[in-house]
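Visitor:
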Amino acid sequence: MNQQVSSCSIPCNLCGGKEVTILSNRSRSRKPLQTVICRACGLVWSDPRPHEARQFYGEEYRLSYKQTYSPRPKHVLRAGKVALSRFEKVAQLLSYRKTVLDVGTGGGEFAYLLQTLGHSVSGVEPNRGYADYSIRNYGLTIQVGFIQDAVFQPESSMW
């Protein structure tokens with residue numbers, strides 16, 4: 005692969021760098037979409053952004069990638085397997101009961117797993133359909149929206 009070094013229009017959200025390597029010029033559906041990686045820290049993003057993030061993740065993302073506004077059984081099964089795999093990676097950090105904030109909760113499978121293991125879990129999910137699913141089916145405490153807009157109690161150790 006010929007890696008092209010370039011300056012990008014959007015500074016890196018992690019380190020502020022503007023020097024990137026272009027990883028791809030096509031999306032997974034083969035449509036034009038430039039994907040870059042920051043040469044300083046390794047963060048990957050689309051440049052330029054293909055959409056307005058709040059609208060896309062709040063309303064369009066799940067419809068675009070899963071053709072549904074709330075999870076179907078096959079999505080729940082797949083997400084459950086991912087939740088188990090994710091837990092294996094962080095199990096040592098959760099060896100005793102903790103307060104956990106799950107950002108981008110999706111359908112809630114990971115948060116539910118942690119809750120059933122005795123952790124105090126709350127989440128933030130921008131898509132109302134997925135957030136409502138996790139609230140209704142798992143009894144989770146989920147704020148619908150983005151982490152920047154989430155509200156926590158002043159005494160909370162989460163924010």
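Note that the working numbering has the sequence shown beginning at 5, numbered continuously upward.
Glycine is no exception: its CB is placed at the ideal position from the N, C-alpha and C atoms.
CB-CB under 6 Å to I14, same chain, minus the five flanking residues each way: which ones, in chain order?
Guide: D51
Visitor: Along the chain, where does the beta strand (DSSP E) that runs through I146 open and close?
Guide: Counting along the chain, the beta strand (DSSP E) containing I146 begins and ends at T145 to V148.
Visitor: Give me the residue from G133, G20 and E63 with the minimum Cα distance to L46.
Guide: Note on identity: in this sequence residue 46 is Gly, with Leu being the wrong assignment. Here the closest residue by C-alpha is G20.
Visitor: State the DSSP-derived secondary structure class of T120, mapped to helix, strand or coil.
Guide: If DSSP states are grouped into helix, strand and coil, T120 belongs with the helices.
Visitor: Using the rule of at least 16 other Cβ atoms within 10 Å of the residue's Cβ for burial, across every protein chain shown, is V155 buried or exposed?
Guide: So V155 counts as exposed.
Visitor: Confirm, please, whether the CB-CB distance from L81 to V104 is below 8 Å.
Guide: no
Visitor: Extract the residue ranges of the alpha helix (DSSP H) inside the stretch 41 to 108, only unbroken runs of 4 or more that lie entirely within it.
Guide: Within the stretch 41 to 108, the complete alpha helix (DSSP H) segments at least 4 residues long are 65 to 70 and 77 to 94, listed from N- to C-terminus.
Visitor: Taking the beta strand (DSSP E) that I139 belongs to, which residues open and close that run?
Guide: First-last for I139: R132 to Y142, but that is the alpha helix (DSSP H), not the beta strand (DSSP E).
Visitor: At what residues does the beta strand (DSSP E) containing I151 begin and finish?
Guide: Per DSSP, I151 belongs to no beta strand (DSSP E) and is neither H nor E.
Visitor: DSSP has S31 in a bridge; who is on the other side?
Guide: None, per the DSSP bridge assignment.
Visitor: Exposed or buried, what is V40 when buried is set at 16 or more other beta-carbons lying within 10 Å of its beta-carbon?
Guide: By the neighbour-count criterion, in which a residue is buried when 16 or more other Cβ atoms sit within 10 angstroms of its Cβ, V40 is buried.
Visitor: Within 10 angstroms of its Cβ, does C16 collect 16 or more other Cβ (buried), or is it exposed?
Guide: buried
Visitor: Can you tell me whether I151 is buried or exposed, with buried defined as 16 or more other CB within 10 angstroms of its CB?
Guide: exposed
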